[in-house]
Every structure is written in structure tokens, then in C-alpha cells.
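My numbering puts the sequence shown at residues 3 to 224. For reference, the structure is listed below as C-alpha cells.
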Amino acid sequence: MTSEFSLSLSTIRKTTQSNALFSAQQTNYYAYTLSGNIYTYTDPNWYDGCNCGATSTCKSQINIRDAYNNTIYMYVPGIYTGCYVIESLLQSDLRCFYNQSCIDKLQSYLVPLSQMNVSALDRSLLVRFVENSTTQEMMDELMIETWNSSIMYESYYNECQPSQCSYTVETKNDAIYIITTLIGLVGGLITVLKLAVPRMVKLIVFCIRRYRMRQNAVIPIG
3 MTSEFSLSLS
13 TIRKTTQSNA
23 LFSAQQTNYY
33 AYTLSGNIYT
43 YTDPNWYDGC
53 NCGATSTCKS
63 QINIRDAYNN
73 TIYMYVPGIY
83 TGCYVIESLL
93 QSDLRCFYNQ
103 SCIDKLQSYL
113 VPLSQMNVSA
123 LDRSLLVRFV
133 ENSTTQEMMD
143 ELMIETWNSS
153 IMYESYYNEC
163 QPSQCSYTVE
173 TKNDAIYIIT
183 TLIGLVGGLI
193 TVLKLAVPRM
203 VKLIVFCIRR
213 YRMRQNAVIP
223 IG
């Protein structure tokens with residue numbers, strides 16, 4: 003199940019990247035026109051020295067800044083922006099949302115009408131993942147901490163209704179099995195020899211006697 007989902011997501015990402023599709027938010031390329039020119043031009047965006055024209059996985063840490071004087075008030079830890087929203091999201095993590103101070107500081111810069119009472123995630127509930135596990139790592143596991151297996155052969159049989167079932171068991175023989183097998187083979191060989199040797203001896207004796215009788219029956223002519 004996880005491999006099928008990962009394969010589908012990977013196919014979509016690679017198709018988008020290989021075709022260099024233009025992002026509606028202009029996160030990978032920005033479009034512009036020149037004065038007196040009817041054509042529209044595009045140039046790749048840069049993120050921390052990384053060019054979206056060269057790779058689609060460029061990223062830069064998200065910050066909250068003043069829209070008028072460009073003053074940066076806060077860098078949001080673990081959250082990134084990049085050439086494509088999906089790529090930057092998969093490289094981001096939830097470390098800020100496990101920290102109540104980070105959440106409160108983040109909310110202080112939001113529009114008052116959009117604020118709500120948000121509690122930090124409980125890190126004690128983490129089993130497989132950690133606070134800085136990327137979204138990519140969690141998506142690879144379908145965001146499931148633990149899998150509980152429940153094997154029901156009867157339900158499987160009723161659902162599939164196979165005409166027949168077979169299985170193969172591969173085992174490694176131990177020393178006792180090997181020794182007993184060899185003893186059995188030796189015992190069987192001795193039994194065969196006990197039955198065959200007397201008959202072979204009788205056959206040889208019979209052949210010798212017959213050969214001698216033929217020699218005695220020859221009469222020389224003088």
C-alpha cells in the first residue's frame with residue numbers, strides 16, 4: 003500500500019518537474035513584460051543561492067516580514083518555501099507545532115480575527131517519527147505511527163475464493179536431522195547389501211561350476 007502511494011506521488015512530482023510547469027503562485031518562475039514589448043518573459047526564482055531553473059527542490063525557510071519596509075520579524079523553524087509548493091512542503095517538518103512558544107509567537111503576527119486557541123502537539127505520543135521528521139518521511143509511511151496486523155485467513159479465503167491453496171516452507175536442516183538421515187541411509191544400504199550379496203555369491207559360484215563342467219566334458223582326439 004505504501005509503495006503504491008509513494009510511486010503515484012513520485013510520478014506526479016517527476017512529471018511536473020520534467021515539464022517545468024509554471025506555478026500559478028510564480029514560485030518557480032516569475033513572469034514580466036518589457037515596456038513597449040508585447041511578449042512576456044520568465045526568469046527562474048532563487049532560494050538561498052539555489053536556482054529553480056536548475057533544480058525543482060530549492061527551498062528557503064519561511065519568514066514573516068513587514069510588507070512595507072521588508073523587515074523580517076520571525077523565521078518559522080522547519081517550514082520552507084520553494085520552487086513548487088509540494089516540494090517545499092515535503093521538505094518541511096512540524097517542529098514548530100510541538101513548541102507552544104513557537105505557536106504563540108506565530109499567532110501574534112496573524113490577523114486578530116483568524117487567531118484561535120491552539121495547543122502544541124504532544125511529543126510523548128511519537129512512536130516512529132520525531133519532531134523534525136519531514137513530511138516526506140511521514141508520507142512514505144502514510145502518516146501512520148504503528149501498524150497493527152490482524153491476520154484472518156478465513157476472511158481472506160472467503161473474499162478471494164481460490165480454487166486451491168499451496169505454500170512453501172524453507173527450513174535449514176540442523177545437525178540432528180543430518181545425522182539421523184545419514185544413519186537411515188547407511189541402514190538402508192546395509193539392508194540392501196544383506197539381500198543382494200548372498201544372491202550375487204550364489205550366482206558367481208553357479209557360473210564357476212558350470213564353466214568347470216564344460217571343461218571336463220571336452221574329450222581330446224589323438
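The beta-carbon is built from N, C-alpha and C at its ideal position, and this holds for glycine as well.
Just reading off the beta strand (DSSP E) that residue i is part of, what are its end residues?
| i | result |
| --- | --- |
| T59 | First-last for T59: undefined, no H or E at that position. |
| M76 | I74 to G84 |
| Y159 | It is not in any beta strand (DSSP E) - Y159 instead sits in the alpha helix (DSSP H) that spans Y155 to C162. |
| D68 | Neither: D68 is in no beta strand (DSSP E) and is coded neither H nor E. |
| T44 | T42 to P46 |
| A33 | Y31 to T35 |
Our contact map puts residue i next to residue j with C-beta atoms below 8 Å; I'd like the distance itself, whole angstroms only.
| i | j | result |
| --- | --- | --- |
| P79 | C98 | 5 Å |
| S62 | D50 | 5 Å |
| L23 | M141 | Not really, about 21 Å apart at Cβ, beyond 8 Å. |
| E133 | Y100 | 5 Å |
| L123 | L91 | At roughly 17 Å, the Cβ-Cβ gap does not stay under 8 Å, so L123 and L91 are not in contact. |
On a Cα-Cα basis, can you pick out the residue from the options that is closest to residue i?
| i | options | result |
| --- | --- | --- |
| I66 | Y111, Y213 and R125 | Y111 |
| Y31 | N39, W48, I210 and S20 | W48 |
| S16 | C162, Q166, I40 and Y86 | Position check: residue 16 holds Lys in this sequence, whereas Ser was assumed. Nearest option by C-alpha distance: Y86. |
| C52 | S165, S126 and G84 | G84 |
| P164 | Y155, V171 and E172 | Y155 |
| S8 | C104, P46, Q27 and T137 | T137 |
| T35 | D45, N160 and Q27 | D45 |
| L127 | I146, V113 and P114 | I146 |
Let me confirm a value: residue i is counted as buried when at least 16 other C-beta atoms fall within 10 Å, else exposed. Which label applies?
| i | result |
| --- | --- |
| S157 | exposed |
| N119 | exposed |
| I14 | exposed |
| I40 | exposed |
| Y75 | exposed |
| E89 | buried |
| T170 | exposed |
| S94 | buried |
| T148 | exposed |
| T245 | Because the chain is modelled from 3 through 224, residue 245 falls outside the range shown and cannot be assessed. |
| L184 | exposed |
| T42 | exposed |
If you follow the alpha helix (DSSP H) that residue i is part of, which residue opens it and which one closes it?
| i | result |
| --- | --- |
| V113 | From DSSP, V113 is part of no alpha helix (DSSP H); its letter is neither H nor E. |
| T137 | T137 to D142 |
| V129 | From DSSP, V129 is part of no alpha helix (DSSP H); its letter is neither H nor E. |
| V171 | Run containing V171: none; DSSP gives neither H nor E here. |
| Q93 | V87 to Q93 |
Assess contact between the stretch 65 to 83 and the stretch 50 to 57, defined as three or more Cβ pairs (one per stretch) separated by less than 8 Å. Is contact present?
no
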